[in-house]
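Chemist:
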Amino acid sequence: MALPNQYAVSTPTRFRPVLAWATVGAAVLGFQVFVLARWVTSANFTPTDPGPDEISPATRAFFLVLQVAIPLGAAVAMWFWVIRPWRRTGELTTDGMLVLAGAMLFFWDMSLNYSATALLYNSHFVNFGAWANGAWPSWISPNGNRLPEPIFICQPGYTSLVFSQVMLILWIMRKIKARRPALPPAQAVAIMVVGLVVIDTIIESILLRIGIYAYPHGIRWLSLYAGETYQLPMTEPIFFAGCGLGTIAALSYFRNDRGQTVAELGANTLRMGRAGRRWVRFLAVFGAVHTAFAVLYFVPSQWLATHGDAFPAGYPSYLINDMCDYRGDQPDLPPCPAPGVPFPRP
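Residue numbers (this note's numbering): 24 to 369.
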């Protein structure tokens, strides 16, 4: 006999991590689209003037080559890592989702400057400023919109130069796993973190010497080439590559017997169509990847930006870009960050 409703036994709802992560992913993606849309439709969506300092014709030609090669590299990577597997299997793979989520990490690129100016870009690249003041609610440091984010370097570079580091370390891990099938998880994580720190240090050292960007406000005793315009604060490879990219590598490396990452757990129990389940899984992966970067990179970067040393001498106008008073002769600009210099606030 059926029990009356007031005596019916309720079945406890099963917690499914995929729904929690998808909620986070939808919120983060929505925020990013909101900020980028405000930037594109604002008066700040305008190229940053390089100023009086010029670059040589050879450097200009080299920069042009980079702005063609890096997007092409990103397109090739998308074909091999996302499109071709999708066409072969008829499904967007988890690695494909990780690649697409990783491609959007460019949004956090300029977050080093949220509290204080700690990142510079070369404004001789094609750019339209940055999505900071007037677009990102609560943005703190002034003139963040003058950071010339190079649209043909930064955005596609997060696929061809950044996510490729993840794929490289995963390839190395497969080789190690073939030789040591019983590799403990802690050792696997350590190898991925240290490996990514080393790889990123090499890549960033080259890019800094080329003059694509600079870290002027780094803590010098924690930096390679300290005091030079191409100094590399090692906090960048540690937090960005070791922690941030390391999380993506770990998501891909550690999966259950269904091939699911920790963010996708419970996806097979969702009562929805194939397309809906795919969207939920993607948003869950997106949420896990971007939460890792927000917590492990964006947050510590703010403390580091407020404890850095004075800018090294020698930066040209196309790197400073009137973001702060670098030479002490522009009283209408806030002073460049340095120990003992008050941080300007809106």
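Cβ coordinates follow ideal geometry from the N, Cα and C atoms, glycine included. No experiment lies behind these values; they were computed from the predicted model shown.
Secondary structure at ALA31, three-state DSSP: helix, strand or coil?
Modeler: Residue placement at ALA31 is poorly supported in this model, since its pLDDT is 36, which falls under 50; the coordinates still yield a value, given next. In the structure shown, ALA31 sits in coil (DSSP, three-state: anything other than H, G, I, E or B).
Chemist: Compare the Cα-Cα distances from ILE93 to each of ASP76, ILE174 and VAL56 and report the closest residue.
Modeler: ILE93 has its Cα closest to that of ILE174, out of ASP76, ILE174 and VAL56.
Chemist: For the candidate residues ARG197, TYR276, PRO73 and PRO207, whose alpha-carbon lies nearest to that of LEU170?
Modeler: If we check each option's Cα against that of LEU170, PRO73 comes out closest.
Chemist: Look at the alpha carbon of PRO239 and the alpha carbon of GLY310, and state the distance between them as a whole number of angstroms.
Modeler: Their backbone Cα atoms lie some 31 Å apart in a straight line.
Chemist: By Cβ distance, which residues of its chain are closer than 7 Å to ARG278, with the 5 residues on each side in sequence left out?
Modeler: Hits under 7 Å: THR284.
Chemist: If you drop the 5 nearest sequence neighbours on each side, which residues of the same chain put their C-beta closer than 8 Å to that of PHE334?
Modeler: Closer than 8 Å at Cβ, skipping near neighbours: PRO239, HIS240, TYR349, CYS359, PRO360 and ALA361.
Chemist: Taking the DSSP output, what are the residues bridged to SER246?
Modeler: Answer by DSSP bridge pairing, in chain order: PRO256.
Chemist: Would you call the CB atoms of PRO367 and PRO165 closer than 7 Å?
Modeler: Their beta carbons are under 7 Å apart, which means PRO367 touches PRO165 by this criterion.
Chemist: Would you be able to state if there are at least three C-beta pairs under 8 Å between the region 108-122 and the region 296-309?
Modeler: At 8 Å Cβ cutoff, the stretches touch.
Chemist: Does LEU219 come out as helix, strand or coil in the three-state DSSP assignment?
Modeler: Here LEU219 sits in helix by DSSP.
Chemist: Under a three-way DSSP split, which group does ALA237 fall into?
Modeler: ALA237 falls in the strand class under three-state DSSP.
Chemist: Given this structure, state the Cα-to-Cα distance separating ALA31 from VAL312, to the nearest angstrom.
Modeler: Confidence at ALA31 is low in this model, with a pLDDT of 36, below 50, so the placement of that residue should be treated as unreliable; the coordinate-derived value is given next. Roughly 41 Å between the two C-alpha positions.
Chemist: Would you decide whether GLN210 is buried or exposed? Buried here means 16 or more other CB atoms lie within 10 Å of its CB.
Modeler: It counts as exposed.
Chemist: Alpha carbon to alpha carbon, how far is PHE129 from VAL91?
Modeler: Taking the straight line from one Cα to the other gives about 18 Å.
Chemist: Which value, in whole angstroms, describes the spacing of the CA atoms of MET295 and ARG39?
Modeler: Straight-line Cα distance between these residues: approximately 14 Å.
Chemist: Does the beta-carbon distance from GLN188 to LEU230 come in below 7 Å?
Modeler: Not in contact: GLN188 and LEU230 (Cβ atoms no closer than 7 Å).
Chemist: Does DSSP put ASN136 in a helix, in a strand, or in coil?
Modeler: If DSSP states are grouped into helix, strand and coil, ASN136 belongs with the helices.
Chemist: On the DSSP letters alone, give me the boundaries of the alpha helix (DSSP H) that LEU59 sits inside.
Modeler: Run containing LEU59: 40-63, per the alpha helix (DSSP H) assignment.
Chemist: Using only the alpha-carbon positions, how far apart do PRO160 and VAL58 sit?
Modeler: Spanning the two alpha carbons is a distance of roughly 8 Å.
Chemist: Here's a check: name, in chain order, each residue in its chain whose Cβ is nearer than 6 Å to the Cβ of VAL105, leaving out the five neighbours to either side.
Modeler: Hits under 6 Å: GLY119 and VAL122.
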